[in-house]
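Okay, so here's the structure we're looking at.
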Amino acid sequence: MRDTLGILASGVCLVHCLLTPLLPLLGGLGILGALQGDQFLHLLLLVPVVTLALASFPASCRRHQRYAVMVVGFSGALLLVGALYLEGVWELVASILGAGLLIIAHGVNQRLIYRVA
Numbered sequence: 078m079r080d081t082l083g084i085l086a087s088g089v090c091l092v093h094c095l096l097t098p099l100l101p102l103l104g105g106l107g108i109l110g111a112l113q114g115d116q117f118l119h120l121l122l123l124v125p126v127v128t129l130a131l132a133s134f135p136a137s138c139r140r141h142q143r144y145a146v147m148v149v150g151f152s153g154a155l156l157l158v159g160a161l162y163l164e165g166v167w168e169l170v171a172s173i174l175g176a177g178l179l180i181i182a183h184g185v186n187q188r189l190i191y192r193v194a
């Protein structure tokens, strides 16, 4: 369940990152545009993503013994945290890579747990 929620939360983050550069092109410069660039929104998205990674990967990796999954997942989480301190295209690249790594890690983690069970 934690991995499913992790995929969902990371997916929301990924969609946010992908839509941010397109929003002005779609005419979303009003309140929605202001929310997209707000740092508080980034923190609001980041907290559940990192919390789910911390809750899921260590316990699961102890069960299935594939610690590379945790390394990939935490690398994604670190990229997302680091993106808070970046601007422009580098923030976008770090965010997309981080969310993508987390989605992949949660998916692999979920499959490995089902195999063990």
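Residues in the sequence shown are numbered from 78 upward in steps of one, following the numbering used here. All C-beta atoms, glycine included, are put in the ideal place defined by N, C-alpha and C. Just so you know, these numbers come straight off a predicted model, no measurement behind them.
Contact under 8 Å by Cβ, Leu-156 with Ala-132: The answer is no: Cβ separation not under 8 Å.
Cβ-based neighbour list, Gln-187, same chain, cut-off 6 Å, excluding 5 preceding and 5 following: Asp-80
Residue of Ala-194, Val-126, His-141 and Pro-135 minimising C-alpha distance to Leu-178: Looking at the Cα atoms, Val-126 is the closest of the given residues.
Residues of its chain near Tyr-198, where Cβ-Cβ distance is below 6 Å and the 5 sequence neighbours each way are ignored: The requested residue 198 is not part of the displayed model; the chain covers only 78 to 194.
Cβ-Cβ separation, Glu-168 to Ala-176 (assumed contact under 8 Å), whole Å: Contact doesn't hold; Cβ gap of about 12 Å is too wide.
Burial state of Gly-165 (16 or more Cβ within 10 Å): When all chains shown are included, Gly-165 counts as exposed.
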